[in-house]
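Take a look at the structure set out below.
Protein chains: 2
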Amino acid sequence: MVDCGEGTQHQLKLHRVKSSKIDHIFISHLHGDHYLGLMGLISTFHLNSRTSPLHIFGPKGLDEIITLHLKYSHTQLKFPLHFTETSTEGKNLLLEQGNIRVFSFPLKHRIPCTGFSFEETYRQQKLIKEKIVGTGMSVAEIQSLLQGKDVVEADGKLKYVASEFTHQPVPPRRYAFCSDTVFDPTLIPYIQGVDLLYHESTFMAADKERAKLTLHSTTEEAATIAKTAKVKELLLGHYSIRYVDLYPLLWEAKAIFDATHLSEEGKTYVIK
Amino acid sequence: MVDCGEGTQHQLKLHRVKSSKIDHIFISHLHGDHYLGLMGLISTFHLNSRTSPLHIFGPKGLDEIITLHLKYSHTQLKFPLHFTETSTEGKNLLLEQGNIRVFSFPLKHRIPCTGFSFEETYRQQKLIKEKIVGTGMSVAEIQSLLQGKDVVEADGKLKYVASEFTHQPVPPRRYAFCSDTVFDPTLIPYIQGVDLLYHESTFMAADKERAKLTLHSTTEEAATIAKTAKVKELLLGHYSIRYVDLYPLLWEAKAIFDATHLSEEGKTYVIK
């Protein structure tokens, strides 16, 4: 889960996401709309007698806040809670699990803030089933081929060449999330060429000065970042409540970067 | 406002309560469902450029939690926030404003917890309009009569007797709120004879042992407190999510104390 505003538990229920499946929570910064739902979620995990570890990644101070809440509610959590403080300097590996790596990178906002990128190290290959049949391959050998690795015997002899048994390799996918940030081209190296970029667009272009003042971005600025970084698709979000109709925001961004979408409450976006 | 769980802002909006009208917030204890909406509400007041003071009354530690949240979000509130720590010993006057006094009193729960009572010092009288007409009374004199006070001249001479110009005096009203508590007859002196008692009834009578274990009350226990304290009406609440149909809870309580009602989301209860 990335960020956890007030009412997140309620939204999870509404959209039928099982909160017990959440093992890793990444918090970009300590403005209320990005983390005030966290204590409630932790409390619910505790009340539901969760035992599996919960890993939280977030800025300096978040662990202190959590600890203070637990102290005054006299709560001894029934599950291990691991906290990793994010750095606001450079790109840092936070987690590697299966074929996914998660990184943080700095964003420029009013308080310490990071973006996150989720990067596949490889993409599971698709087997050519008719070629496998009758070879007597072991499960370990098949798994190796699925990862695009050739199977080599103990004496170094090549046994199976991955490219013979699998379809054309598919490049691994990358998703980057930039929660709250002023227009900042220095973040481009961190998100260069990702398949999907979420970039805040709090304001329309006409409110550019207000964006600068509050360290937020406009639609056109988000689109410019996406275009310059050569990402494949852009997802806008974090709209100011002043805009009732969001389509004008979309149109402004699309004029600069066509492959732009509006993020909408409860919608799922599949990265192709 | 009494207690402020996660999502309170959302509920206020849903039920068209203007949050800007809230000047006093009373927090019974530091379990998440009773205070995790507070930081969000404070943030919203700040973002909406509130300038009028906010008074928060709650247990030890709440000010420390608020201060820590404000520290890490780099927030210098635009309005004065006054915090009063509640005591878990005896009945204490927290606030006197207009004809209302607010008191705290101890409840027995797993962590420090208080109830609150809201007591009118007098009830505004109703004028007998036809008697006022033609007397040439001043606004100040009418206000005095409305409070049930006779109007006396500078030389001590009785000018107007309140009982002649007003209908029969109506006794002041009292409302007591007992958020989370085990069955505890020692709280009766604090709530004796109130017009309306809110008393938690987390469990049905069959789950009495579970209530004792978690320091909550059953329907029958809430009704017994209401009956023994000779309150006029009882409002149940804080139902465990295990009960989908709440009417059996009501029936259990009514068997002991008939003037019982179920509290329901968004409903208004008028104290006669």
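Sequence lines, in order, name chains A and B.
Going by the working numbering, the first sequence opens with residue 14, and the numbers climb by one from there.
Going by the working numbering, the second sequence opens with residue 14, and the numbers climb by one from there.
C-beta atoms are modelled at their ideal positions from N, C-alpha and C, and glycine is treated no differently.
- Put ILE204/A into one of helix, strand or coil per three-state DSSP. helix
- Item | Ranges of the beta strand (DSSP E) found wholly within the segment 151–237 of chain B, counting only runs of at least 3 | 171–173, 187–191 and 209–213
- Query: Who pairs with SER117/B in a beta bridge, going by DSSP?
  - Reply: ASN105/B and PHE129/B
- Beta carbon proximity, LYS91/B to chain E, threshold 9 Å: The question asks about chain E, but that chain is absent: this structure's protein chains are A and B.
- Contacts of HIS82/A in chain B (Cβ-Cβ under 7 Å): ILE78
- Item | Element boundaries [beta strand (DSSP E), containing GLU277/A] | Element bounds for GLU277/A: n/a, residue is neither H nor E.
- How many Å lie between ARG63/B and THR88/B at the Cα? 14 Å
- Within its chain, find whatever has a CB closer than 6 Å to the CB of GLU246/A; leave out the 5 residues flanking it on each side and keep chain order. Only LEU209 and ALA272 meet the Cβ criterion.
- Residue burial classification, ASP258/A (beta-carbon count within 10 angstroms, cutoff 16): exposed
- Message: Using the three-state DSSP reduction, which class does GLY250/A fall into: helix, strand or coil?
- Response: strand
- Query: Rounded to a whole number of angstroms, what is the C-alpha to C-alpha distance between GLY71/B and THR99/B?
  - Reply: 5 Å
- Task: Determine, using beta carbons only, whether LYS31/B comes closer than 9 Å to chain A.
- Result: False, the Cβ-Cβ gap to chain A never drops below 9 Å.
- Task: Kindly indicate which residue of GLN110/B, HIS95/B and LEU27/B has the alpha-carbon position closest to the one of LEU75/B.
- Result: Between LEU75/B and the set GLN110/B, HIS95/B and LEU27/B, the nearest pair of CA atoms involves HIS95/B.
- Item | Span of the alpha helix (DSSP H), counted from its first residue to its last, around HIS82/B | 75–85
- Nearest-angstrom Cα distance between ASP197/B and TYR48/B? Distance between ASP197/B and TYR48/B, taken at the CA atoms: about 23 Å.
- Query: What residue from GLN138/A, LYS170/A and HIS44/A has the CA that sits closest to ILE155/A's CA?
  - Reply: GLN138/A
- Task: May I ask which residues mark the beginning and end of the alpha helix (DSSP H) holding ILE38/B?
- Result: Taken as a continuous stretch (DSSP letters only), ILE38/B belongs to no alpha helix (DSSP H), being part of the beta strand (DSSP E) at 37–39.
- Limits of the unbroken alpha helix (DSSP H) element including ILE145/A: 142–145
- Task: Would you tell me roughly how many angstroms separate the C-alpha atoms of GLU177/B and ILE141/B, rounded to the nearest one?
- Result: 8 Å
- Item | Members of the segment 94–116 of chain B near chain A, C-beta cut-off 9 Å | Flagged: no residues at all.
- Query: Of all the options THR232/B, LYS280/B and PRO93/B, which has the alpha carbon lying nearest to the alpha carbon of TRP264/B?
  - Reply: THR232/B
- Query: In terms of alpha-carbon separation, which member of ILE204/B, LEU159/B and GLU77/B lies closest to VAL183/B?
  - Reply: LEU159/B
- Message: Is it buried or exposed, GLY128/B, if we count other Cβ atoms within 10 angstroms and call 16 or more buried?
- Response: buried
- Item | LEU11/A versus SER130/A, LEU54/A and SER56/A, residue with shortest Cα-Cα distance | Past the boundaries of the shown model lies residue 11/A; chain A is included only from 14 to 285, so the question cannot be answered.
- Item | Residue environment, ALA268/B, which counts as buried when at least 16 other CB atoms sit within 10 Å | Counting every other CB atom within 10 Å of its CB across the protein chains shown gives ALA268/B a total below 16, marking it as exposed.
- Taking GLN189/A and VAL164/A to be in contact with their CB atoms under 8 Å, please state how far apart those CB atoms are, rounded to whole angstroms. According to the sequence shown, residue 189/A is Ala rather than Gln. About 34 Å separates the two Cβ atoms, so there is no contact after all.
- Task: Alpha carbon to alpha carbon, how far is ALA242/A from HIS180/A? Give it in angstroms, no decimals.
- Result: 30 Å
- Drop a sphere of 10 angstroms on the beta-carbon of TYR260/A, count the other beta-carbons inside from all chains shown, and report buried for 16 or more, exposed for fewer. exposed
- Any Cβ of chain B within less than 9 Å of the Cβ of MET14/A? no
- Quick one: using the 10 Å Cβ neighbour count with 16 as the cut-off for buried, is HIS28/B buried or exposed? exposed
- When the cut-off is 9 Å and only beta carbons count, does ARG123/B lie next to chain A? Output row for ARG123/B: interface = yes.
- Message: Which residues in chain B have a C-beta closer than 8 Å to the C-beta of GLU265/A? List them in chain order.
- Response: Neighbourhood of GLU265/A in chain B, by CB distance below 8 Å: empty, with the nearest CB roughly 24 Å away.
- Query: Which chain B residues sit within Cβ distance under 7 Å of HIS44/A?
  - Reply: SER86
- Note down, in chain order, every chain A residue with its Cβ under 7 Å from the Cβ of LEU49/B. MET52 and GLY53
- Query: Do PRO125/A and LEU43/A come within 9 Å of each other at the CB atom, strictly closer than that value?
  - Reply: yes
- Query: Who are the neighbours of GLY71/B on chain A, taking C-beta pairs under 8 Å?
  - Reply: Within 8 Å Cβ-Cβ: nothing; GLY71/B doesn't reach chain A, min ~10 Å.
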